[in-house]
Amino acid sequence: MAHLSSMPTLEVGRDRTMILNMGPHHPSTHGVLRLILEIDGETIVRIMPDIGYLHTGIEKTCEAKFYQQVVPLTDRIDYLCPLTNNLCYVLAVEKLLGLDIPPKAQWMRVMLNELTRINSHLVWLGTHALDIGAMSVFLYCFREREDILRLFEMVSGQRMMTSYFRIGGLALEPPLGFFERVKEFANRFPAKVDEYENLLTGNPIWGMRTKGVARITAEDAVALGASGPTLRGSGVDFDLRRDMPYSGYENFRFKVPVSQDGDVFARYICRVREMRESIAIVQQTLDGMPEGRIKADAPKVILPDREKMKTEMEALIYHFKIITEGFAVPEGEVYQAVESPRGEMGYYVVSDGTAKPYRVHMRAACLANLQLLPAMCEGRLLADVVAAIGSSLINSSPVSRKCLRIIRQSARCWCRHCSTPRTKSATWAKK
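Anchor point for the sequence shown: position 296 equals 300 in my numbering, and the numbering is continuous, going up by one each time.
Spelled out as structure tokens, the structure:
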């Protein structure tokens, strides 16, 4: 823990303002995010996020692991969408290897990725409503989330941190009865979304707490690097699944929810409609799931089946070499982006031709979305900060992963792990 004298602070130049520390252990941040607020009564004058409390050095750890050993690390970037992180990383490595993924594996990836999106949105909706004061929705959302976690456990053995995707395909064949369980959930879920909307969408108290609050324009959202529902809630119609399709998304029909208002309510509507579109995509995967293999034909990269290891000497040798030495990836670099529940998740992987990545950089959506917080909150009431944080869907783990120049018009980085020398106090940069 850094000494208090090294913490970033605000120099107050007004007689009537005061400094308030919100966090790092504040219930509404759902993690460890510190906000330094300058307030005039109940009005936010300035706001400065302080990040880095959950830094784990995960990118550096990737450089010491074989390519296949990085997959479990990607789960830890965002505990609400581990499969999305798995997918983004394996797609990047598969590009470097030039692997041709079987259709069944691609469709399974799409199905599980959309279930992950619903899982993330359910946790967001329940906790966001709870923060604002609507407790019943929290219980409703976690009821359906439990069903999704059971599906993850059924297919991978883990409720969270599944590590089910592999470079070249999937870890295991889906068990018997899995598709029937998914279909049962997909059939009843739209009615559950109706229940959420009946509790919130037309609720006048919910409307007063969300409509016109934390508004961000489309121009500011684009300029500050927003993505996902945060960007689409400001009227920008962009979705990587449709505009830059990957893993077979070009085979599915879905709408991209967009709202023009740019406030908390608009972002809420976008995510609720996204859940409806995601379950429709899941239905399409069930109706047209291809037959065939779940792994690419690349014995030097993909672990062989246990049955082959018992009867074929080559399979046993390949297994031994992959486990002990890994597999070499051709020299090169690639950036792969996917549409995560929070926005654009990107992996930049650099290979030097060895069995371990030279560099892995992770572009987290909520790290960029956090930059919108000052624009959303300055001039608003203190109570609106909680609604703004929730609507931005900020997760402390990817936010703390890298240092970021978070403050508009500022030349300093406040991450406590940044190598730049720290000062005892900070002044807000002038134009």
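For glycine and all other residues, C-beta sits at the position ideal for the given N, C-alpha and C.
Taking 8 Å as the cut-off, decide whether the C-beta atoms of His365 and Glu98 are in contact. No, the pair does not count as a contact, with Cβ atoms beyond the cut-off.
Contact set for His323: own chain, Cβ-Cβ below 7 Å, skip 5 residues either direction: The answer, listed in chain order, is Leu307, Pro308, Met313.
Residue ranges of each alpha helix (DSSP H) run of no fewer than 4 residues wholly in the region 110-186, ordered along the chain? Note on the region 110-186: whole alpha helix (DSSP H) runs with a minimum of 4 residues are 139-160, in chain order.
What separation, rounded to the nearest whole angstrom, lies between the Cα atoms of Phe492 and Asp135? In the structure as shown, the chain begins at 5 and stops at 435. Residue 492 is therefore absent and cannot be evaluated.
Throw me the rounded Cβ distance for the Tyr351 and Cys85 pair, which I believe falls under 8 Å. Cβ-Cβ separation between Tyr351 and Cys85: approximately 14 Å, too far for a contact (criterion under 8 Å).
Cβ contact (3+ pairs, closer than 8 Å) linking the region 158-172 and the region 124-133: Here the region 158-172 makes no contact with the region 124-133; the two share fewer than three CB pairs at distances below 8 Å.
Quick one: measure Cβ to Cβ for Asn90 and Val114, integer angstroms, because I've assumed they're closer than 8 Å. No, Asn90 and Val114 are not in contact; Cβ-Cβ is about 13 Å, not under 8 Å.
From what residue to what residue does the beta strand (DSSP E) around Asp44 run? Its beta strand (DSSP E) spans residues 38-44.
Beta carbon of Ile273 nearer than 8 Å to that of Phe193: Not a contact, by the Cβ cut-off of 8 Å.
Collapsed DSSP secondary structure at Ala387 in the structure displayed: Ala387 falls in the coil class under three-state DSSP.
Touch test, the region 222-240 against the region 283-294, Cβ-Cβ under 8 Å, three pairs minimum: Judged by Cβ distances under 8 Å, the region 222-240 makes no contact with the region 283-294, as fewer than three pairs qualify.
Tyr339 burial status per 10 Å Cβ neighbour count (16 or more: buried): With fewer than 16 other Cβ atoms within 10 Å, it is exposed.
Use the C-beta contact count for Pro378: other C-beta atoms within 10 angstroms, 16 or more gives buried, fewer gives exposed. So Pro378 ends up on the buried side.
Under the three-state reduction of DSSP, which class applies to His323: helix, strand or coil? Three-state result, His323: helix.
For the 8 Å Cβ check, are there 3 or more pairs between the region 249-262 and the region 173-186? Short answer: they don't touch.
Alpha-carbon spacing of Glu335 relative to Pro361, whole angstroms: Rounded to the nearest angstrom, the two C-alpha atoms are 10 Å apart.
Return the residue from the list Ala96, Cys381, Thr221, Arg275 that minimises the CA-CA distance to Gln72. Looking at the Cα atoms, Ala96 is the closest of the given residues.
State yes or no: is the C-beta of Ile43 within less than 8 Å of the C-beta of Val49? Against a cut-off of 8 Å, the Cβ pair of Val49 and Ile43 comes out as a contact.
Secondary structure at Glu337, three-state DSSP: helix, strand or coil? Glu337 falls in the strand class under three-state DSSP.
Taking the alpha carbon of Asp54 as the point to measure from, which residue in Ala68, Leu77, His29 has its own alpha carbon closest? Closest option to Asp54, Cα to Cα, is His29.
Between the Cα of Gly181 and the Cα atoms of Glu157, Tyr168, Gly172, which residue gives the shortest distance? Selected option, being the one with the closest Cα: Glu157.
Taking the alpha carbon of Glu375 as the reference point, which residue from Pro31, Met52, Gly206 has its own alpha carbon closest? Per the sequence shown, residue 375 should be read as Gln rather than Glu. Residue Met52 is the option with its Cα nearest to Gln375.
Given Ser400, which residues of its chain have a CB within under 6 Å of its CB, disregarding the five upstream and five downstream residues? Only Gly35, Val36, Leu37, Leu58 meet the Cβ criterion.
Cβ-based burial, Ala387 [other Cβ within 10 Å; buried from 16]: Around the C-beta of Ala387, fewer than 16 other C-beta atoms lie within 10 Å, and the residue is accordingly described as exposed.
In whole angstroms, give me the CA-to-CA distance for Glu403 and Leu320. Reading the sequence as shown, one finds Val at residue 403 and not Glu. Cα to Cα, the separation comes out at about 42 Å.
Apart from the five residues just before and just after Glu295, which ones in its own chain have a Cβ nearer than 8 Å to its Cβ? The answer, listed in chain order, is Lys108.
Would you give the residue range spanned by the alpha helix (DSSP H) that Ser282 belongs to? Element bounds for Ser282: 268-292.
Between the C-alpha atoms of Cys66 and Gly330, what's the straight-line distance to the nearest angstrom? Rounded to the nearest angstrom, the two C-alpha atoms are 14 Å apart.
When you compare the CB of Pro86 with every CB in chain D, is at least one pair closer than 8 Å? Here there is only one protein chain, and chain D is not present.
Between the CA atoms of Ala138 and Leu100 - distance to the nearest angstrom: Taking the straight line joining both Cα atoms gives about 47 Å.
Throw me the rounded Cβ distance for the Arg384 and Val268 pair, which I believe falls under 8 Å. So it is not a contact: roughly 11 Å between Cβ atoms.
Cα-Cα separation between Thr131 and Glu148, rounded to whole angstroms: Answer to the nearest angstrom: the Cα atoms are 14 Å apart.
Tell me which residues share the same chain as Leu24 and place their Cβ nearer than 7 Å to its Cβ, disregarding the 5 neighbours each side in the sequence. Within the same chain, Leu41, Ile43 come within 7 Å of Leu24 by CB-CB distance, once the 5 residues on both sides are set aside.
Tell me the DSSP secondary structure of Thr234 in three-state form. Helix at Thr234.
Which one of Leu244, Arg245, Leu129, Ala225 has the shortest CA to CA distance from Ser238? When Leu244, Arg245, Leu129, Ala225 are compared, the shortest CA-CA separation from Ser238 is found for Ala225.
What is the rounded straight-line gap between the Cα of Ala300 and the Cα of Ile326? Cα-Cα distance, rounded: 15 Å.
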